[in-house]
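Some notes on the structure that comes next.
Below you can see the structure in the form of structure tokens.
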């Protein structure tokens with residue numbers, strides 16, 4: 001019988017990720033509005049589950065921001081996102097949700113499947129909590 005030796009797992013040091021570059025200037029408003037809305041929702045809600053849901057959106061929205069940085073989103077989807085942001089800035093969540101649905105219906109689902117559900121969750125959560133951009 002062989003003696004059992006405890007083997008320490010090799011720990012690998014993961015190098016820190018380099019800082020991400022800025023979004024293209026014309027799309028910075030998307031990040032600014034969604035992040036501000038998310039932060040205002042976190043501050044406004046007393047419900048721990050809603051607060052956690054909004055905090056978790058940060059990583060999911062980062063997928064959208066990465067795709068914008070890399071230029072991997074089509075013109076129709078980008079146009080829809082800008083229209084959604086305009087509706088949010090105007091305080092019209094119903095219109096923002098209509099635009100969300102229209103954007104999904106007219107774009108390539110594969111390009112937006114990772115970030116449009118979190119955008120909808122942000123919109124519906126803030127609408128229910130009566131959290132507005134301004």
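In full-length UniProt numbering, the protein residues as written are 1 to 134.
Ideal placement from N, C-alpha and C gives every residue a C-beta, glycine not left out.
Owing to the predicted nature of the structure, the values given are computational and were not obtained by experimental measurement.
Task: Nearest candidate by alpha-carbon position, reference residue 125, set 13, 25 and 46 - done: By 1-based counting over the chain shown, the position of residue 125 is 125. Among 13, 25 and 46, the Cα nearest to that of residue 125 is on 46.
Task: Endpoints, the alpha helix (DSSP H) within which residue 94 is located - done: Here the question's residue 94 lines up with position 94 in the chain shown. It spans 93-106 - the alpha helix (DSSP H) in which residue 94 sits, taken as one unbroken run.
TODO: Could you work out which residue in 91, 60 and 117 is closest to residue 130 when comparing CA atoms only?
DONE: The residue labelled residue 130 in the question sits at position 130 within the chain shown. Cα-wise, what sits closest to residue 130 is 91.
Task: CA-to-CA distance, residue 117 to residue 60, given in whole angstroms - done: Along the chain shown, one-based indexing puts residue 60 at 60. Along the chain shown, one-based indexing puts residue 117 at 117. Taking the straight line joining both Cα atoms gives about 9 Å.
- [ ] Could you have a look at residue 37 and say whether DSSP puts it in helix, strand or coil?
- [x] Translated into the one-based positions of the chain shown, residue 37 becomes position 37. Helix, per DSSP.
Open item on the list: Could you check whether residue 85 and residue 42 sit closer than 8 Å to each other, using their CB atoms as the reference points?
Closed with: Taking the chain shown and counting its residues from 1, one reaches residue 42 at position 42. Taking the chain shown and counting its residues from 1, one reaches residue 85 at position 85. Result no, Cβ atoms of residue 42 and residue 85 do not sit closer than 8 Å.
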